[in-house]
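Peer 1: Before anything else, here's the structure in question.
Number of protein chains: 2
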Amino acid sequence: MDLSERQLQILQAIITDYVENAEPVGSRSIAKKYDLGVSPATIRNEMSDLEEMGYLTHPHTSAGRVPSDKAYRLYVNELMKKKNLSAKDKRMINDRLSASRDEFDRTIRHAAELLSEITHLASFAMTPATNEETISFIKLLPVDERTLILMIVSEGGQVTNTTLRLTVPYTQEALDLLSKNMTVSYKGRTLDDVLRSEIIHDVGSDIEALSALKGSVMPSFLRTLEDMLNVNLYMEGMTNIFNLPEYTSIDRARDFMELFARKDWFTQKMLARDNGVVVTIGEENDTMKDCTLITATYHVDGKLVGKIGVIGPTRMKYDEITSIMEYLTNNLSESFRLPGSTGDGNAGDKKQKK
Amino acid sequence: MDLSERQLQILQAIITDYVENAEPVGSRSIAKKYDLGVSPATIRNEMSDLEEMGYLTHPHTSAGRVPSDKAYRLYVNELMKKKNLSAKDKRMINDRLSASRDEFDRTIRHAAELLSEITHLASFAMTPATNEETISFIKLLPVDERTLILMIVSEGGQVTNTTLRLTVPYTQEALDLLSKNMTVSYKGRTLDDVLRSEIIHDVGSDIEALSALKGSVMPSFLRTLEDMLNVNLYMEGMTNIFNLPEYTSIDRARDFMELFARKDWFTQKMLARDNGVVVTIGEENDTMKDCTLITATYHVDGKLVGKIGVIGPTRMKYDEITSIMEYLTNNLSESFRLPGSTGDGNAGDKKQKK
DNA sequence: ATTAGCACTCTCGTTTAACGAGTGCTAACA
DNA sequence: TGTTAGCACTCGTTAAACGAGAGTGCTAAT
């Protein structure tokens, strides 16, 4: 059942060639380009066996062979070697990400841009889910007699705010009191927890003015919490795929683009994936059965986990792309490490960058 | 030089037919469908004249006629009549926009979604430029000993904030003092003004601790101001265009999608357009020479101006779409009117909705 | 000024044929 | 027994040829 050494060599050669040229590869061209010391006829026999085992397919009788999802899977798991990034790519990543280290969302977006530029594929990046973040304080700030700002700050420094307009004026005292009450009630609890337990009643409605204000503020409070939970998703390089031969058909291209119009759905899918570099090939995806999806995770303060990813046809340079993504996520995690908490994390990075 | 009544009728018929069917229209079908009381031969002669005047073109000798940009321009300026929206569309707009009146960005995004659903074209919506907004106050809030939140609030209730991590700890006093100083320095000035005049020095650096903190905060302050100036752009329904016959060619589709990948550029273009319902057809656009762009403006508090727009091929239902956009922007402007400031604005709305 | 008639043009879909790439099989060979 | 050369066969791709259909442009009649 296992593949012979020669079969592996041939399979590798076919994959390499097909990834490069996007055309079914024949026995003769394999024999010529990669000298395996055997004739086309022998290769043909091996190919036939490989096909029977499900590693190759045949568009039609008289065409060359094309690697199947199973072949790519074998390649990713066993055959491929880690690639060293080109000096140019390394420089690009270092330069472009260091430009805005202190600004979180911007950096994430840059990472997505970078990734699509280097890989020439469609890419995305998303900010970490903050379900486990805990609330630090809640502030209500006055704008004018009917307008106020509701602001929620988490222990980790995440901020979200909403501007609301009330139908009736409020007093500064009520505002301060409500801020304080809410902070006391919610401080230290996780966003998820607060949002799920709909305990709106215990914010203390002893004073009448407060009760009215509370009634107006609470719905917005919940919505703002939801906003805070929402991860931001940045997509880049969608149009890159138009340059690939697998998307010259308008239907394929349409299907591809439509995937990304459903941002919420896409976000959910991506959040559900495991951490680390994860590759799912073709049929392994429940939707997008002719795509490969590669995701990788980065850390913020060593805890929160965000994701970046690349989407393309199953025919892609798995070795290069996974290496790039590993380098990139290590770089990101390092950027987002708290100044204080240096240590073992860095050592790990070093090793992987090699 | 002016067109005869009959020529106008024929032109109108051709446009109507072509917009509907997307195929060059011949003299015979015009004569049959729209009874103008003349024979195909007569229509042929008129068509020939219209072509000479630049209103029609000829894909090739033996094909029907196609309206030129000039024809559409004439149609938009003179021929088309305002359309009444269907009850269904009206209901849709009213329902969907009223769902979230108090949340600004969300409403804008919904408007874009709505627009693309109703028109079956690509659409966008952007929040108003806030160049003229004035600063109300600046607040620095502590998160932990090295992390703080910088928050800028405008008189109109716009909020933007950035979380920053300092390399050295700060004191609460320094924070409060700097907040106050900055507010005093900048309150009442427009964002644009503050950003352009790089007067960073006059924020009072008398105390030493303050001076250090200020040095860390100011760069972020400027960047945050820039963020505040940036309008948000929401695009929706990009993939709708794949269903149109003019975009069955992959190259066309690619060009179209690429326009929208350049968000910054696109935003600039759109900001430069006049207020009200503006239609630019084909060659009238400097880029996108085979597209028509229709934009309309809505108001916030009767002052700030935001834009929504629709992009499609020059072949589109100008009458319907402009009417929809007028209705939609009136609805938006009404939603975003300050509760206090009712009055003449509403009367105007009523008239236009009719 | 309008219209009928007709030749002419051009596109589009279909058919046919030739070509080439590549396989699969058989038989010869080490 | 594994490897190889040779060859027939398959199938997709391309180009050319052809007919049908749609629509114009022109001319001559009304």
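As given, the protein sequences belong to chains G and H, one line each in that order. According to the numbering used here, the first sequence is numbered sequentially starting from 43. According to the numbering used here, the second sequence is numbered sequentially starting from 43. Cβ coordinates follow ideal geometry from the N, Cα and C atoms, glycine included. As the structure is a prediction and not an experimental result, all values here were calculated from the model.
1) Quick check on the DSSP output: what are the complete alpha helix (DSSP H) runs of length 4 or more inside the stretch 212–276 of chain H, in order along the chain?
2) Check each candidate in G:Asn282, G:Met277, G:Ile292 and G:Asp234 and name the one with the smallest Cα separation from Leu264 of chain G.
3) Quick check on the burial criterion: 16 or more other C-beta atoms within 10 angstroms. Buried or exposed for Gln310 of chain G?
4) For Asp293 of chain H, count the other beta carbons within 10 Å of its own beta carbon; 16 or more makes it buried, fewer makes it exposed. Which is it?
5) Checking the sheet assignment: what are the DSSP bridge partners for Gly324 of chain H?
6) Going by beta carbon distance, what residues of the same chain come within less than 6 Å of Glu288 of chain H, once the five residues before and after it are set aside?
7) If we ignore side chains and look at the alpha-carbon of each, how far apart do Val319 of chain G and Asn372 of chain G end up?
8) Can you tell which of H:Met260, H:Arg107 and H:Arg86 has its C-alpha closest to the C-alpha of Ile56 of chain H?
9) Within the 8 Å Cβ cut-off, does Asn327 of chain H reach chain G?
10) For Tyr340 of chain G, list the residues DSSP reports as bridge partners.
11) If contact means a Cβ-Cβ distance below 7 Å, which residues of the stretch 292–303 of chain G contact chain H?
12) Can you have a look at Leu53 of chain H and say buried or exposed, based on whether 16 or more other CB atoms are within 10 angstroms of its CB?
13) Indicate whether the contact test is met: 3 or more Cβ pairs, each with one atom in the stretch 154–165 of chain H and one in the stretch 87–101 of chain H, closer than 8 Å.
14) Thinking just about the alpha-carbon of each residue, which of G:Thr204, G:Asp343, G:Lys345 and G:Lys349 is nearest to the one in Leu335 of chain G?
15) Where does Gln62 of chain H sit, in a helix, a strand or coil, going by DSSP?
16) If contact is defined by three or more beta carbon pairs under 8 Å, each pair taking one atom from either stretch, is the stretch 195–204 of chain H in contact with the stretch 160–167 of chain H?
17) Give, in chain order, every residue of the stretch 173–197 of chain H whose Cβ lies closer than 9 Å to some Cβ of chain G.
18) Evaluate the contact criterion for the stretch 216–233 of chain H versus the stretch 294–301 of chain H: three or more CB pairs, one atom per stretch, below 8 Å.
19) What does Val201 of chain G reach in chain H if we use C-beta pairs closer than 7 Å?
20) Can the beta-carbon of Thr232 of chain G be found closer than 8 Å to that of Arg207 of chain G?
21) Could you have a look at Leu118 of chain G and say whether DSSP puts it in helix, strand or coil?
22) With H, G and I counted as helix, E and B as strand and the rest as coil, what does DSSP make of Lys395 of chain G?
23) Are Tyr117 of chain H and Arg357 of chain H touching if we call contact CB-CB under 8 Å?
24) Which chain G residues are close to Thr281 of chain H, counting only those with a beta carbon under 8 Å from its beta carbon?
25) Taking Ala314 of chain H as part of the alpha helix (DSSP H), name the residues at either end of that continuous run.
26) Kindly list the residues whose CB is nearer than 8 Å to the CB of Leu78 of chain H, restricted to its own chain and excluding five residues on each side of it in sequence; keep chain order.
27) In this structure, does DSSP put Leu163 of chain G in helix, strand or coil?
28) Use the C-beta contact count for Lys123 of chain H: other C-beta atoms within 10 angstroms, 16 or more gives buried, fewer gives exposed.
29) Quick test of your reading: Thr364 of chain G and Thr266 of chain G, contact by CB under 8 Å. State the CB separation rounded to the nearest angstrom.
30) Who are the near neighbours of Leu346 of chain H in its chain, counting only those whose CB is closer than 6 Å to its CB and skipping five residues on each side?
31) Ignore the nearest five residues each way along the sequence and tell me which others in Lys75 of chain G's own chain have a CB closer than 8 Å to its CB.
32) Based on Cα-Cα distance, which residue from H:Ile191, H:Asp297, H:Asn63 and H:Leu271 lies nearest to Tyr181 of chain H?
33) Ile353 of chain H to Ile323 of chain H, Cα distance in whole Å?
34) Assuming Phe284 of chain G and Ala295 of chain G are in contact, meaning their beta carbons sit under 8 Å apart, how far apart are those beta carbons, in whole angstroms?
35) Quick check on DSSP: helix, strand or coil for Pro355 of chain H?
Peer 2: Here's the rundown:
1) Scanning the stretch 212–276 of chain H from its first residue to its last, the whole alpha helix (DSSP H) runs of 4-plus residues come out as 214–228, 233–238 and 250–271.
2) G:Asp234
3) exposed
4) Asp293 of chain H should be labelled exposed.
5) According to DSSP, Gly324 of chain H bridges with nothing at all.
6) Pro355
7) 11 Å
8) H:Arg107
9) no
10) G:Gly348
11) Ile292, Ala295, Arg296, Met299, Glu300 and Ala303
12) buried
13) no
14) G:Lys349
15) Gln is not the amino acid found at residue 62 of chain H; the sequence shown has Glu there. It is helical.
16) no
17) Of all residues in the stretch 173–197 of chain H, Ser178, Phe179, Lys181, Leu183, Val185, Asp186, Arg188, Thr189, Leu190, Ile191, Met193, Val195, Ser196 and Glu197 have a Cβ within less than 9 Å of some Cβ in chain G.
18) no
19) Within 7 Å Cβ-Cβ: Ile191, Asn203 and Thr205.
20) no
21) For clarity, residue 118 of chain G is Val in the given sequence; the question names Leu instead. Residue state, collapsed to three classes: helix.
22) Because Lys395 of chain G carries a pLDDT of 29, less than 50, the predicted location of this residue cannot be relied on, and the following value inherits that uncertainty. Helix.
23) no
24) The answer, in chain order, is Arg296, Met299, Glu300 and Ala303.
25) No alpha helix (DSSP H) contains Ala314 of chain H, which DSSP labels as neither H nor E.
26) Arg48, Gln51, Ile52, Ala55, Ile72 and Ile85
27) coil
28) exposed
29) Contact doesn't hold; Cβ gap of about 38 Å is too wide.
30) Pro170
31) Ala55 and Asp59
32) Looking at the sequence itself, residue 181 of chain H is Lys, so the reference to Tyr does not match. Ranking the options by Cα distance to Lys181 of chain H, first place goes to H:Ile191.
33) Straight-line measurement puts the Cα of Ile323 of chain H at about 10 Å from the Cα of Ile353 of chain H.
34) 6 Å
35) Secondary structure of Pro355 of chain H (DSSP, three-state): strand.
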